[in-house]
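Position one of the sequence shown corresponds to residue 903 (my numbering), numbered consecutively onward. Even glycine gets a Cβ: it sits at the ideal position worked out from N, Cα and C. Remember, predicted model here, so these are calculated numbers, not experimental data.
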Amino acid sequence: MKLKNDRYKKTRGGRSRLLQISCQKCTSPLCLYQKDGPGNLRRMYMDRIIEPNVSLARKDFTCENGHLVGVKIIYEKERRPAFRLFVDSVIKKIIKA
Ligand SMILES: [Zn+2]
Numbered sequence: 903m904k905l906k907n908d909r910y911k912k913t914r915g916g917r918s919r920l921l922q923i924s925c926q927k928c929t930s931p932l933c934l935y936q937k938d939g940p941g942n943l944r945r946m947y948m949d950r951i952i953e954p955n956v957s958l959a960r961k962d963f964t965c966e967n968g969h970l971v972g973v974k975i976i977y978e979k980e981r982r983p984a985f986r987l988f989v990d991s992v993i994k995k996i997i998k999a
C-alpha cells in the first residue's frame, strides 16, 4: 500500500505511519489511516482514511455497533474535512512505520 505524499504531509515533517483504527469499546475495525507527522491522533482527515469499514457520509462517525467515536468537522486552517475524535474513543495499531 502506497502512502500519500503531498503538501499536507510535508507541512507535518514528511514522515507518515499507517495505522489500523478500531473502536475502543468493541474493537470492531473502522479503517486504515495514514497519520502524518508526530503527536497524538486527535482528528482523522477524510483524504487519509483508507478502506473504511463504516460509512463516512454522515456527520457522526460510528463503529458498526453504533459507538460514536467522532464528528465531522472542517479543519479551518487547511479547509480540509476531517473527523474530530473523542478522547480515548479509538484503538490505534501501527501497521507500517
Ligand atoms: Zn464500537
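Within 8 Å, strictly: CB atoms of residue i and residue j
{"i": "Val-973", "j": "Ser-991", "result": "no"}
{"i": "Leu-934", "j": "Ile-997", "result": "yes"}
{"i": "Ser-930", "j": "Glu-978", "result": "no"}
{"i": "Ile-993", "j": "Ser-924", "result": "yes"}
{"i": "Lys-937", "j": "Leu-921", "result": "yes"}
{"i": "Pro-940", "j": "Gly-916", "result": "no"}
Residue environment, residue i, which counts as buried when at least 16 other CB atoms sit within 10 Å
{"i": "Cys-1003", "result": "Look at the range of the chain in this structure, 903 to 999, and you will see that residue 1003 is not part of it."}
{"i": "Arg-950", "result": "buried"}
{"i": "Asp-975", "result": "Sequence check: residue 975 is Ile here, not Asp. Flag for Ile-975 reads exposed."}
{"i": "Ser-957", "result": "exposed"}
{"i": "Met-903", "result": "exposed"}
{"i": "Leu-943", "result": "exposed"}
Measuring CB atoms only, is the stretch 985-993 touching the stretch 906-915, in the sense that at least three cross pairs come out at less than 8 Å?
Short answer: they don't touch.
Closer than 6 Å from C-beta to any heavy atom of ligand 1: which residues, in chain order?
One residue after another in chain order, those with a Cβ under 6 Å from a heavy atom of ligand 1 are Cys-925, Lys-927, Cys-928, Ser-930, Cys-965, Asn-967, His-969.
Jot down the residue ranges of each uninterrupted beta strand (DSSP E) in the stretch 928-974, minimum 3 residues, whole runs only, in chain order.
List check, beta strand (DSSP E) in window: 931-938, 945-947, 962-964.
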